[in-house]
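Residue numbers (my numbering): 3 to 293. Think of the CB as a built atom: it goes at the ideal place given N, C-alpha and C, for glycine as much as any other residue. Structure first, then comments.
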């Protein structure tokens, strides 16, 4: 068993990892289970969350059999360690030697005996006014926790709640980015971003397909190279006027890779994110209307 000081030092190391890095959820949960088990040598650990996926689930497990976990967290049975900490909203220690009459605890005690375990310490993970899940530590001997043990685990669970909240925000951000990328890449219009000098910085798949290039072939090229000679003054005016006045519009003739003309309408705006140094244009094909 670690000393009190060693446990606090270990906690600081683990929680600083949560704060310093944005991990994938799998890595994060594995580190939480490993960190919890490392606080108490010889223990086994799991992390159970109720709101991470579509259904409540054990998201990390260190040293416990899958059969035991399935029996312990059976759907529809209010006898799991999570249900106990939900009722109390505080750490719960349960030993197989305990004689207190409680049908829910007795069922857990039976499962512990079948698994060859002596005790379990369940600590709620609390955030946003609700119990998000629990961290469970399982012991091969009766280990009545002292006050500072519970304090350490509560501190650890608080840091875990913050890490999980950050992971959820990060996951939502990634999902939003993926949705935006999908909408951008496959929009019916051509999107193109360029520098104030007309160098292509970004182009969506639709634009690349219309022009007959791969996206990476367009990035870094001058947009003027893709424009019919008669439209060059308009492009220069668009670049200049967008940076000065805002949202110019017009008709623009482009040249595809195979030399064909592509007639488009163009709407331009400056990017707020780059403080006016980037011009974004939306191009709509009107070639058929021009015939």
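The beta strand (DSSP E) enclosing residue i, as first and last residue numbers
i           : result
residue 126 : 121-129
residue 135 : 132-141
residue 88  : Taken as a continuous stretch (DSSP letters only), residue 88 belongs to no beta strand (DSSP E), being part of the alpha helix (DSSP H) at 83-90.
residue 95  : 94-97
Limits of the unbroken alpha helix (DSSP H) element including residue i
i           : result
residue 172 : 149-187
residue 203 : Note, residue 203: premise wrong, no alpha helix (DSSP H); beta strand (DSSP E) at 202-205.
residue 51  : Unbroken run through residue 51 is the beta strand (DSSP E), 46-51; no alpha helix (DSSP H).
residue 105 : 105-116
residue 197 : Per DSSP, residue 197 belongs to no alpha helix (DSSP H); it is in the beta strand (DSSP E), 192-197.
residue 27  : 27-41
residue 217 : 217-220
Residues bridged to residue i [DSSP beta-bridge criterion]
i           : result
residue 287 : 266
residue 72  : Answer by DSSP bridge pairing: none, since residue 72 is not bridged.
residue 256 : 229, 264
residue 64  : 47
residue 281 : 196, 272
residue 251 : 269
residue 100 : Residue 100 is not bridged to any residue.
Nearest residue (CA-CA) to residue i, options the options
i           : options            : result
residue 117 : 290, 139, 285, 70  : 70
residue 192 : 220, 180, 181, 177 : 220
residue 1   : 214, 263, 202      : Residue 1 lies beyond the range of the chain shown here (3 to 293); nothing can be said about it.
residue 114 : 147, 72, 53        : 72
residue 225 : 218, 237, 88       : 237
residue 213 : 55, 111, 287       : 287
residue 147 : 122, 137, 136      : 122
residue 283 : 241, 37, 289       : 241
residue 29  : 166, 100, 42, 132  : 166
residue 76  : 252, 56, 110, 53   : 110
residue 266 : 190, 32, 127       : 190
residue 259 : 229, 243, 279      : 229
residue 38  : 161, 132, 88, 215  : 161
residue 285 : 217, 195, 223      : 195
residue 89  : 68, 55, 134, 101   : 134
residue 281 : 269, 292, 101, 291 : 269
residue 98  : 145, 54, 128, 57   : 145
residue 272 : 218, 210, 233, 198 : 198
residue 186 : 291, 205, 200      : 205
residue 292 : 136, 125, 254      : 254
residue 223 : 234, 132, 202, 217 : 202
residue 318 : 252, 125, 177      : The first residue shown for the chain is 3 and the last is 293, placing residue 318 beyond what the model contains.
residue 239 : 159, 120, 200      : 200
residue 233 : 215, 252, 137, 216 : 252
residue 158 : 41, 27, 289, 279   : 41
* Three CB pairs or more closer than 8 Å across the region 49-67 and the region 89-96 -> At 8 Å Cβ cutoff, the stretches do not touch.
* Touching or not, the region 106-115 and the region 66-85, by the rule of three or more beta carbon pairs under 8 Å? -> With the rule of 3 Cβ pairs closer than 8 Å, the region 106-115 counts as touching the region 66-85.
* **Three or more C-beta pairs below 8 Å linking the region 139-148 and the region 32-48** => Enough Cβ pairs lie closer than 8 Å, so yes.
* Quick one: any contact between the region 147-155 and the region 170-180, if contact means 3 or more CB pairs under 8 Å? -> As far as the Cβ criterion goes, the region 147-155 does not touch the region 170-180, which means the pair count is below three.
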